[in-house]
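Single-structure report; data block below.
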Amino acid sequence: MQTTIFTFTVLLLALIGFYMGRARAVSSVGGDIRQLHSLPRHYGYYVSLWCGLPTLFLFILWFIFEPQIINSLVLHNVTAINDETSSAMVARILSDIKFIAANGTNVKSATPEMIAAADHYLELKKIGIACLGVAVLAFAIVGLVIGNKNIGEKLKARDQVEKAIRVLLLASSIVAILTTIGIVSSLLFEAIRFFGKVPLSEFLFGLEWSPQIALRKDQVASQGSFGAVPIFAGTMLISFIAMCVAVPVGLLSAIYMSEYATPKVRGLGKPILEILAGIPTVVYGFFAALVVAPTIRNIGEGWGLEVASESALAAGLVMGIMIIPFVSSLSDDVIRAVPQALRDGSYALGGTKSETVLQVILPAALPGIVGGIMLAISRAIGETMIVVMAAGLSANLTANPLQAVTTATVQMVTLLVGDQEFDSPKTLAAFALGLVLFCVTLCLNVIALRVVAKYREKYD
Amino acid sequence: MKPMTKDNAVDIEKELNLSNGNVSKGVNSVKLSQDEVKISAKDVRVKYGEKEALFGINLDMPKGKVTSFIGPSGCGKSTFLRCLNRMNDTIDGCSVTGQIIVDEVDILSKQVDTVLLRAKIGMVFQKPNPFPKSIYDNVAYGPRLHGLATDKNELDEIVEISLEKVGLLKEVKDRLLEPGTGLSGGQQQRLCIARAIAVDPEILLMDEPCSALDPIATAKIEELIDELRGSYTIVIVTHSMQQAARVSQQTAFFHLGNLVEYGETEKIFTSPVDERTKGYITGRFG
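For the record, the sequence lines run as chains A and B.
Just so we're aligned, residue 619 is where the first sequence starts under the numbering used here, counting upward by one.
Just so we're aligned, residue 14 is where the second sequence starts under the numbering used here, counting upward by one.
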C-alpha cells in the first residue's frame, strides 16, 4: 500500500520535473528555442530521468535486500536458533513468525518468544517502510534539483536522453536473457539431482515407466521405475500422426491459397484457416476426447478392431488439425516468396499450373517448407493439453496408434500436479523429462531456423 | 481515347501539336506479301481492369526476321509482346481483344491450347530466370513437359544441340549437373534462350533480354540473336535504340498504347515520318 503511494509520488515529481526542465530550458535562452542544443522536451525528459531513475534503482535494491535484512534481524533474537540449526528449520521458524505476525497470537505455535519475535518483525517492517519513504522522497527531490540545475543552453540533453533509452533497452534484453538462463538452469539442476537418484542410462534406455513411489515412509508402494523410452516413443508416435495430418493438408492448402485461389477466395479463406490457430488448445483437447476418440472407437469396432477409448490416433489427429494453420501459413509465405519470374519462365515453356507448382515452385520453396515443418514438429512435441485430455496416461511401448500411449508433457503434468514432495525421484523425473524435451525442441528449432535463413539469403 | 499518364511525354506532344485527342492511326511503311508474314496482329486491344493499355494495334511481323519494339516506359510494347504467347492470361483482370493470326490460326481464340501455343512461341525474359535446377534439367524442362524425347539419349541430344546453338555448350560441358543459378548473368540468359529453343519453337519473343546484363554479355546475346534469325522469327522489346538498330530488320515505335510508326529499321532511324518517332529517336523525350 505504502509503496504504491511512494510510486505515485515519484511519478508525480517526475512529471513536475518534466515541465520544470522544459520551462527552464526555454527561459535560459529567452524563449528562442532555436538556440537550444536539443528540443525543449528533451530537457524535460532529462529532469524526469534524474528524478525517476535513481529512485527506481533504490526501489529495486529495496525489494531485493529488505526481506533478508529484516529476517536476519528478527532471527538474531530467537534463542532456538544456533549455528547448528538446519536451514529448513530456520525457514520453518521464520514462516511461523510471519504467520503469527499476520494472524495474531492465538495460534498453536505462539510461544512468548515467538510472539515477541513477531512483534519485532512487524516493528522492523514499519521502520523499513518509513525509511523507504524518506529515502525515495529524498532521492526524487535531490534528483529533481540536480537535473534542473544542470539545465542550460550548453547541456546536450538529447544525447543524455538517448543514452538513458539505450540503457533501458539493454536492461530489458538482459532481463529476458537472464530469465531464460534461469529457467534452463533450474531445469538442469533439478535434472542433475534426479540423475543422482536414478542412473542416466536407466532413464534413457529403460523400457518401463511407472513412477509410483511412496510419498511418506509409512506408505506401501513399489520402488517405481523410470525408463523414459515408452514416453518418448509415445511422444514420437503422436507427433508422427499429427504431422501426417498437418503436412499434407497444410501444404496443399498453402499451394491452393497462394497459386490457385483468386484474391477474393484468398481474402476469405486465409483468415478462416487462421482462426484454427486462435482456438485454445484446451478446446481442441475436449474436441479430441469427446468427439474424435469415441468416433474412432465406433468406426474401429465396426471393423472389428480393438480401440482404446483414449487412443494415440485421436490425440494425433486433433493435434494435426491444430498444427495445420502453422504449416500452411509458413509454407504460404515461402511459396509466395518464390519470384514471379520463375513461374513466368515455366508458363512460357508451356507448363501448366500443376506442372509449374510441382517442378519449379516446390523445389524452389522446399528449404523454407522444410524449415516450417520442423518448427511445426517441435510445436507438436511440446503440445500438452490435447494429449493430456485425449491420449491417456498408460505408458505403453507400442507402435499401434489405436492404443493409449502417453507423452513427455502428459507425464510432467501428472508428476507435478497435486501435493508433491520436491526431492523424491518422482517429482524430479519431471525435470529430467523436461530437459530432454527442451533439448529435442531446441535442436529442431535451431535446424529449422538455419534452414529457413539459408533459404532467405537466396532470393532477397 | 485518353492518353496514358506520362507527364513529360504529354508535354512534348503538346509542344509538337499532336495531342488533339485523336492520335493518328500510325504510319506503317512495311508491305509484306501473304507468305512472308508470320504473325499478324489486327486491332489488338488490352485492358488491365478498367485501364486501357493498348488501343488497337495492327502489325505484321515477317517470318525469319527480327522485329523490334521500341518506345518509352509504359508505352505498351511489353504488353503487346506478352499477347503474342498469351502470357497475359496469367495476369488477373487482363483482357485482350482483337486478332493475332499465326499460321492462319487466331491465337487469341478460346479454342487455342496455350500449352501447345507456348511450345511454338518461346519467350525470354528481362531478368535471367533459370530454374533452381541443374543446367541440364533447365534445358530439358520443356522437352520433358511436351514429351519431345522418347529416351534419355534423345533428351541428351536435344540438350546438347540447344546449348550448342546458344554457344554455351563449350563453357558448361563439364558441369551440366551443377545448378543453373550458379552461372554468370550473361550465361544464365543464354541458358534461358537455350531452354526456350529446346522445345523447337518457331517464334522467339524476347522482353528486354539484355537490360540486366553487362555490355560484353549484351554483345554476345545480340550476336546470338543474329545467328538465330532465319531459323526463328524473333520479336524483341528493347529500351536501347542502338540495340534495335543493330539486331532488327523491322522496328515498331510504340507510344502511350498506340503503334506510332512501323517500318524498316534503317528507315525508322534515318528518316522517321512521325514527329513523335523523330522526337524519341533523337532523344527529345522517352
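Ideal Cβ positions, reconstructed from N, Cα and C, are used throughout, including at glycine.
Kindly identify the DSSP beta-bridge partner or partners of residue i.
i, result
"H268 (chain B)", "B:N271"
"V248 (chain B)", "B:T80, B:L218"
"C1057 (chain A)", "According to DSSP, which records beta bridges pairwise, C1057 (chain A) is partnered with nothing at all."
"F844 (chain A)", "A:W827"
"R242 (chain B)", "B:Y245"
"G276 (chain B)", "B:T264"
"D102 (chain B)", "Paired residues: none, contrary to the question."
"V118 (chain B)", "B:V115"
"P192 (chain B)", "B:S147"
"G135 (chain B)", "B:L217"
"T110 (chain B)", "B:R58"
Please name the residue, chosen from the options, that lies closest to residue i on a Cα-to-Cα basis.
i, options, result
"L948 (chain A)", "A:L976, A:T1024, A:P985", "A:P985"
"P143 (chain B)", "A:L1055, A:P981, A:I688, A:G934", "A:P981"
"L158 (chain B)", "A:G1036, A:S964, A:P957", "A:S964"
"L1011 (chain A)", "A:S828, A:A994, A:R784", "A:S828"
"S108 (chain B)", "B:E167, B:L196, B:S147, B:L67", "B:L67"
"R99 (chain B)", "B:T290, B:K291, B:L218", "B:L218"
"C88 (chain B)", "B:P285, B:S175, B:V250, B:R297", "B:V250"
"L313 (chain B)", "B:I206, B:L190, B:P192", "Summary: the structure shown does not reach residue 313 (chain B), with chain B confined to residues 14 through 299, and so no result is reported for it."
"A230 (chain B)", "B:Q256, B:V115, B:Q262, B:T80", "B:Q256"
"I623 (chain A)", "A:L894, A:P685, A:V754", "A:V754"
"K78 (chain B)", "B:I238, B:A232, B:L204", "B:I238"
"S197 (chain B)", "B:K280, B:I171, B:P141, B:V118", "B:P141"
"N151 (chain B)", "B:R131, B:Q112, B:V212", "B:V212"
"R642 (chain A)", "A:L1046, A:P866, A:N766, A:G1052", "A:N766"
"V956 (chain A)", "A:L712, A:P943, A:V978, A:E973", "A:V978"
"V57 (chain B)", "B:L72, B:T194, B:T283, B:I83", "B:L72"
"T1016 (chain A)", "A:I856, A:H694, A:V1070, A:G746", "A:I856"
"N1018 (chain A)", "A:S790, A:M861, A:A926, A:L993", "A:A926"
"G135 (chain B)", "B:Y275, B:R289, B:I247, B:A265", "B:I247"
List the residues of chain A that residue i touches, going by C-beta distances under 8 Å, in chain order.
i, result
"R208 (chain B)", "G963, L967"
"T103 (chain B)", "R961, D962, Y965"
"G135 (chain B)", "A966, L967"
Check the C-beta distance from residue i over to residue j and give it rounded, since I have them as a contact under 8 Å.
i, j, result
"G160 (chain B)", "R208 (chain B)", "With 8 Å as the limit, G160 (chain B) and R208 (chain B) do not qualify as a contact, their Cβ atoms being about 16 Å apart."
"Y661 (chain A)", "A782 (chain A)", "Contact flag wrong, Cβ pair sits at about 13 Å."
"Q1029 (chain A)", "I801 (chain A)", "Contact flag wrong, Cβ pair sits at about 19 Å."
"F807 (chain A)", "T673 (chain A)", "Going by Cβ atoms, the distance from F807 (chain A) to T673 (chain A) rounds to 35 Å, so no, they are not a contact pair."
"T1032 (chain A)", "E1001 (chain A)", "The Cβ separation is near 16 Å, so there is no contact."
"T127 (chain B)", "D102 (chain B)", "6 Å"
"G39 (chain B)", "L269 (chain B)", "Between L269 (chain B) and G39 (chain B) the Cβ distance is about 12 Å, and since that is not below 8 Å, they are no contact."
"K226 (chain B)", "Q202 (chain B)", "A small fix is needed here, since residue 226 (chain B) is Leu in this sequence, not Lys. Yes, L226 (chain B) and Q202 (chain B) are in contact; Cβ-Cβ is about 6 Å, under 8 Å."
"L822 (chain A)", "L631 (chain A)", "The pair is not a contact, with the Cβ atoms about 59 Å apart (cut-off 8 Å)."
"I52 (chain B)", "I216 (chain B)", "7 Å"
"E173 (chain B)", "L182 (chain B)", "6 Å"
"G903 (chain A)", "M1007 (chain A)", "4 Å"
"S352 (chain B)", "K291 (chain B)", "In the structure as shown, chain B starts at 14 and stops at 299, and residue 352 (chain B) therefore has no counterpart that could be examined."
"L805 (chain A)", "F1049 (chain A)", "6 Å"
"G938 (chain A)", "V863 (chain A)", "3 Å"
"L825 (chain A)", "V847 (chain A)", "5 Å"
"S996 (chain A)", "N1063 (chain A)", "5 Å"
"V665 (chain A)", "G639 (chain A)", "3 Å"
"Y149 (chain B)", "L97 (chain B)", "No, Y149 (chain B) and L97 (chain B) are not in contact; Cβ-Cβ is about 29 Å, not under 8 Å."
"G852 (chain A)", "A930 (chain A)", "7 Å"
Below 7 Å on C-beta distance, what does residue i contact in chain B?
i, result
"T970 (chain A)", "V128"
"L960 (chain A)", "N142, F144"
"P658 (chain A)", "Here the premise fails: no neighbours, minimum Cβ distance about 43 Å."
"A982 (chain A)", "P145"
Could you tell me if the beta carbon of residue i falls within a distance shorter than 7 Å of some heavy atom in the ligand ATP?
i, result
"M638 (chain A)", "This structure lacks the ligand ATP, and indeed carries no ligand of any kind."
Output, in chain order, the set of chain A residues within a Cβ distance shorter than 9 Å of residue i.
i, result
"Y154 (chain B)", "G963, S964, L967, G969, Q977, V978"
"L158 (chain B)", "S964, L967, G968, G969, T970, E973, Q977"
"R259 (chain B)", "What R259 (chain B) touches in chain A: nothing, since even the nearest Cβ is about 25 Å away."
"R131 (chain B)", "Y965, A966, L967, G968, G969"
"V212 (chain B)", "L967, G968"
"M100 (chain B)", "D962, Y965, A966"
List the residues of chain A whose Cβ lies closer than 7 Å to the Cβ of residue i, in chain order.
i, result
"F138 (chain B)", "A959, D962, G963"
Alpha helix (DSSP H) runs wholly inside the segment 35–99 of chain B, at least 4 long, in chain order: 90–96
Quick check for students: name the residue ranges of the beta strand (DSSP E) that lie wholly in the segment 955–1002 of chain A, counting only runs of 3 or more. none
At what residue ranges does the segment 924–960 of chain A contain a whole run of the alpha helix (DSSP H), taking only runs of 4 or more? 930–955
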